[in-house]
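Peer 1: Please see the structure below; I have some questions.
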Amino acid sequence: QKEVEQNSGPLSVPEGAIASLNCTYSDRGSQSFFWYRQYSGKSPELIMFIYSNGDKEDGRFTAQLNKASQYVSLLIRDSQPSDSATYLCAVNMGNDYKLSFGAGTTVTVRA
Amino acid sequence: GAVVSQHPSRVICKSGTSVKIECRSLDFQATTMFWYRQFPKKSLMLMATSNEGSKATYEQGVEKDKFLINHASLTLSTLTVTSAHPEDSSFYICSANLGTGGYEQYFGPGTRLTVT
Chain A
1 QKEVEQNSGP LSVPEGAIAS LNCTYSDRGS QSFFWYRQYS GKSPELIMFI
51 YSNGDKEDGR FTAQLNKASQ YVSLLIRDSQ PSDSATYLCA VNMGNDYKLS
101 FGAGTTVTVR A
Chain B
1 GAVVSQHPSR VICKSGTSVK IECRSLDFQA TTMFWYRQFP KKSLMLMATS
51 NEGSKATYEQ GVEKDKFLIN HASLTLSTLT VTSAHPEDSS FYICSANLGT
101 GGYEQYFGPG TRLTVT
């Protein structure tokens with residue numbers, strides 16, 4: 001079983017719609033969760049982090065965490081073509097400062 | 001804040017030569033840095049954790065004698081790919097942790113290595 005799992009996609013959404021990305025993790029003791037955006041040919045960029053159960057909103061992005069279900073999600077509201085990228089879920093499982101990354105979900109926003 | 005730079009951004013070298021990649025934290029001191037490699041359309045693969053003033057910790061399967069890591073100061077870590085071969089061609093990315101207690105990592109822009 002992979003430590004961090006994501007649907008690979010591609011996830012195609014029309015402009016203005018909500019893109020919903022899901023991530024599950026295997027270590028129940030994990031405490032810190034991150035979403036990174038990676039454009040093709042570029043390095044990952046941190047867009048959200050969440051530590052507590054519930055929702056955290058930042059602009060058009062909302063991260064949702066449910067530790068009981070070992071599930072973290074990212075919602076992108078009012079999706080724009082510039083949101084087209086691969087989104088990586090990352091989890092710190094308590095092993096010093098290392099992060100375990102999912103394989104990423106590719107999102108395409110159709111104009 | 002939390003800006004990480006890498007140099008060079010692209011490098012082409014001949015098989016058998018060595019290549020050094022630098023990773024710098026520009027506006028903070030990074031006790032811990034990380035080195036990743038990424039093949040096209042694949043996820044990040046952690047190669048090693050670089051700690052200032054001590055030896056790097058390599059992930060299983062990563063040859064420490066081939067991928068030399070030095071973290072001589074709080075703002076600089078280097079990765080040297082020794083005796084490079086075409087299969088070492090990849091996108092190498094470093095990241096740094098702020099060291100303020102959080103676990104988020106900030107990534108450099110990456111170095112694309114091509115070995116001919």
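Protein sequences, first through last, are from chains A and B. Read in order, the letters of the first sequence are residues 1 to 111 in the numbering used here. Read in order, the letters of the second sequence are residues 1 to 116 in the numbering used here. Every residue gets a Cβ at the ideal spot worked out from N, C-alpha and C, and that includes glycine.
(1) Leaving aside the five residues before and after residue 50 of chain A along the sequence, list all residues of the same chain whose C-beta is less than 6 Å from its C-beta, in chain order.
(2) For residue 44 of chain A, is the classification buried or exposed, using 16 other Cβ atoms within 10 angstroms of its Cβ as the cut-off for buried?
(3) I want to verify the contact list: residues of chain A whose CB lies under 7 Å from the CB of residue 39 of chain B, in sequence order.
(4) Between residue 34 of chain A and chain B, is any beta-carbon pair separated by less than 9 Å?
(5) Any chance the stretch 64-83 of chain B sits against the stretch 101-110 of chain A, with 3 or more Cβ pairs inside 8 Å?
(6) Do residue 114 of chain B and residue 11 of chain B have their beta-carbon atoms positioned less than 9 Å apart in this structure?
(7) Do you know whose CA, among A:79, A:81, A:48 and A:7, lies nearest residue 22 of chain A's CA?
(8) Decide if the stretch 21-40 of chain B is in contact with the stretch 89-104 of chain B; the criterion is three or more beta carbon pairs, one per stretch, under 8 Å apart.
(9) For residue 86 of chain B, does the three-state DSSP call read helix, strand or coil?
(10) Looking at chain A, is there any beta carbon in it that lies within less than 9 Å of the beta carbon of residue 75 of chain B?
(11) Which residues of chain B have a Cβ atom closer than 9 Å to the Cβ of residue 102 of chain A, listed in chain order?
(12) Please determine, among B:18, B:2 and B:3, the residue with the shortest C-alpha to C-alpha distance to residue 84 of chain B.
(13) What does residue 72 of chain A pair with, by DSSP beta-bridge criteria?
(14) In the DSSP assignment, the beta strand (DSSP E) including residue 6 of chain A goes from what residue to what residue?
(15) So is residue 42 of chain A in contact with chain B if we call contact Cβ pairs under 9 Å?
(16) Given that a residue counts as buried once 16 or more other Cβ atoms are within 10 Å of its Cβ, and exposed if not, what is residue 110 of chain B?
Peer 2: According to the data block:
(1) For the purposes of this step, residue 50 of chain A is identified with residue 50 of the first sequence, where counting begins at 1. For residue 50 of chain A, where only same-chain residues beyond five positions count, the Cβ hits under 6 Å are 33, 56, 63 and 65.
(2) Along the first sequence, read from residue 1 onward, the residue named residue 44 of chain A stands at position 44. Under this definition residue 44 of chain A is a buried residue.
(3) On the second sequence, residue 39 of chain B is found 39 positions in, with the first residue counted as 1. Going along chain A, no residue has its Cβ under 7 Å from residue 39 of chain B, so there is no contact; the nearest lies around 12 Å.
(4) Here the question's residue 34 of chain A lines up with position 34 in the first sequence. Cβ-Cβ to chain B under 9 Å: yes for residue 34 of chain A.
(5) no
(6) On the second sequence, residue 11 of chain B is found 11 positions in, with the first residue counted as 1. On the second sequence, residue 114 of chain B is found 114 positions in, with the first residue counted as 1. Against a cut-off of 9 Å, the Cβ pair of residue 114 of chain B and residue 11 of chain B comes out as a contact.
(7) Position 22 of the first sequence, counting from 1, holds the residue named residue 22 of chain A. Minimum Cα distance to residue 22 of chain A is reached at A:7.
(8) yes
(9) As a position in the second sequence, residue 86 of chain B is number 86, starting the count at 1. Reduced to three states, the DSSP call for residue 86 of chain B is helix.
(10) Counting from 1 along the second sequence, the entry for residue 75 of chain B is found at position 75. Residue 75 of chain B does not count as touching chain A.
(11) Along the first sequence, one-based indexing puts residue 102 of chain A at 102. Near residue 102 of chain A (Cβ distances below 9 Å), the residues of chain B are 43.
(12) Sequence index remark: in the second sequence, residue 84 of chain B carries index 84 (1-based). Nearest of B:18, B:2 and B:3 to residue 84 of chain B, Cα basis: B:18.
(13) Residue mapping note: residue 72 of chain A aligns to position 72 of the first sequence, counting from 1. For residue 72 of chain A, which the question treats as bridged, DSSP gives the partners A:23 and A:65.
(14) Your numbering for residue 6 of chain A matches position 6 in the first sequence. Counting along the chain, the beta strand (DSSP E) containing residue 6 of chain A begins and ends at 4-6.
(15) Within the first sequence, residue 42 of chain A is the residue found at index 42, counting from 1. Chain B, which has a Cβ nearer than 9 Å to the Cβ of residue 42 of chain A, makes this yes.
(16) Mapped onto the second sequence, residue 110 of chain B falls at position 110. That one is buried.
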